[in-house]
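So in full-length UniProt numbering the end of the sequence shown lands on 448, straight run, no missing numbers.
Even for Gly, the Cβ is constructed at its ideal location relative to N, Cα and C.
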Amino acid sequence: MNPRKGAYRVLSKVLYEETYSNIALNEEIQKGDYKDKDLNLLTEIVYGTIEKLLTLNFGIDHFSKVKTKKMDEATRLILQIGAYQILFLDRVPDFAIANEAGKLARVYAKRSKGFINGILRNMIRRKEEISWPKKEANLPLYLSVNYSYPMWLVEELLKYYSAEFTEGFMKASAENPPMYFRVNTLKVSREKVLEAFKKQGLEAEISALLPEAIKVQGLKNISDFQPLKEGWVHIQDISSMFAAKFLDPRPGEYVMDLCSAPGGKTTHIAQLMENKGEIIARDIFPHKLRLIEEHSHRLGINIIKTRQFSGENLDKESIGKADRVLVDAPCSGLGVIRRKPEIKYRVRKEGLEALQKLQRTILENAAKYVKSGGVLLYSTCTIHPLENQGITEAFLKNHGDFVPVDLKEETESRVNSNLGFFNESGAVVIFPQEHQMDGFYIRKFQKQ
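Here it is, written out as structure tokens:
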């Protein structure tokens, strides 16, 4: 299989059909018969092109009279794939880049073949002439072009964080994230999982933070990974595991997960409940609920009941019923850019305001489902203060019947101590550059 054609197909889905990069790439890998070398190049081009998209546009625009935003989709994408290899992949010979771009043009952009060839060959010869923005001359422009963030998002981050913090966040969000698995203790011991990993020649390391979290290196194709198929493990970043851990569900309880898809936290809750009790898992999309059901079946969990229901609506029949309620709220996803770099280009300024309104509504409704003495936990995978502290502080002002729980004080019994990611209010605030995990926020409340 041709890795560049594969990359074109994947990137076309991600950039023009709004498919997530990990899903589109996995589909391409499963359909194609890629050798290891080609698989590595395919993955590198896909994630590299998305990660550096605006950087590539800046470089292409230097050599083109027709700016990238005015080009047709196929022409622009072929140029972006070529430019990424020229500017960031030293191991690919220049002649191969131009030749392969020509092959793509013959299939997807026949009329632009000469145009594409001219720009790429010009870039190969004269790439040192590109006038990249300088940090000291224009910091926002430098951050936007160098780290490929839309200008409005750069300005938004600089509004709440220092220049040093913002650049550190962007740097960390461009790094390859580690792969974590959560051991399914309902089926297997951690030791047995480690033994299975070792047999497959994988480097596996138990997390010092959570006993059920294992970091794995060297796994290239997860679709044929036996421990995953058999339900011994579930793919989940370690920061995401803290949500269920701090919710602290007990066997036999009635728990509601209001925004449950794709089910990582839901199944973790079931695991902590020893598969005893009842979990109501809600989401607005039927296909996402089916995914939760598939995960539950694979993991041997039978206490999760899926329900198609929007968190924006109040379910009067559930008022005062739940021992614990989790709101893993829809958010901008800024904390997981290193896993889904396309998020940078999908977040909209006006969309942030709409998200905050949605988050407030869901949390308001969730509070009504909690019984006296019960627990409400709010989490997001973003670092934006208005989606995190802004939502939870406003909630506390309007709800005298809820008190905040200091998660730092709870640390000893939930996870290993000295974690270093609690703020002054006792909430969990994780940043990729400081904690080497996905960005995450957790705030816990108890109803009086």
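Exposed unless 16 or more other CB atoms sit within 10 angstroms - verdict on residue i
i	result
I45	buried
Q448	exposed
K245	buried
K344	buried
Y378	buried
R111	exposed
A96	exposed
Q271	buried
V14	buried
H268	buried
R4	buried
P227	buried
R339	buried
N313	exposed
P341	buried
residue 522	Limits of the chain in this structure are 1 at one end and 448 at the other, which puts residue 522 out of reach.
V347	buried
H287	exposed
V107	exposed
S189	exposed
E28	buried
S162	exposed
Y116	The sequence shown places Ile at residue 116, rather than the Tyr named in the question. So I116 counts as buried.
S318	buried
Residue j beta carbon less than 8 Å from that of residue i
i	j	result
V216	A208	no
G439	I383	yes
N184	W232	yes
R360	P404	no
L396	V325	no
N26	S223	yes
A366	V428	no
I60	L42	no
A98	R126	no
V193	F58	no
F63	M123	yes
M170	L210	no
F422	H435	no
L11	T68	no
Coarse secondary structure for residue i, derived from DSSP in three states
i	result
L376	strand
T382	coil
M1	coil
R324	strand
T306	strand
M256	strand
D36	helix
V405	strand
I23	helix
R250	coil
Y8	helix
Y108	helix
D283	strand
M123	helix
A83	helix
H435	helix
F181	strand
H399	coil
Cβ separation of residue i and residue j, assumed to be a contact under 8 Å, to the nearest whole Å
i	j	result
L355	C331	6 Å
residue 489	I81	Because the chain here runs from 1 to 448, residue 489 falls outside it and cannot be looked at.
R307	R282	5 Å
G351	C381	Actually they do not touch by this definition, with Cβ atoms about 16 Å apart.
S173	P432	6 Å
I284	S310	5 Å
L186	N275	6 Å
I280	K305	6 Å
A213	M241	6 Å
Distance cut-off 7 Å: residue i Cβ against heavy atoms of the ligand PLP
i	result
A270	The ligand PLP is not among the ligands present in this structure, which contains no ligands whatsoever.
Three or more C-beta pairs below 8 Å linking the stretch 28-36 and the stretch 73-85: With a cut-off of 8 Å, the stretch 73-85 and the stretch 28-36 do not count as touching, because too few Cβ pairs lie within range.
Inspect the CB distances between the stretch 42-56 and the stretch 144-164 and report whether three or more fall short of 8 Å. Counting Cβ pairs under 8 Å, three or more are found: they touch.
Any contact of the stretch 394-411 with the stretch 219-237, i.e. 3+ C-beta pairs under 8 Å? No contact exists between the stretch 394-411 and the stretch 219-237.
Touch test, the stretch 130-137 against the stretch 96-109, Cβ-Cβ under 8 Å, three pairs minimum: Segments in contact, no.
Three or more C-beta pairs under 8 Å: does that hold for the stretch 247-256 against the stretch 365-385? Segments in contact, yes.
Three CB pairs or more closer than 8 Å across the stretch 286-306 and the stretch 254-274: Output reads yes: the stretch 254-274 touches the stretch 286-306.
Count the C-beta pairs between the stretch 216-228 and the stretch 189-204 that are closer than 8 Å, then say yes if the count reaches three, no if not. When Cβ pairs closer than 8 Å are counted between the two stretches, the stretch 216-228 is seen to touch the stretch 189-204, the count reaching three or more.
Is it the case that the stretch 86-97 contacts the stretch 172-187, given that we only count it when at least three CB pairs across the two stretches are under 8 Å? Touching, no.
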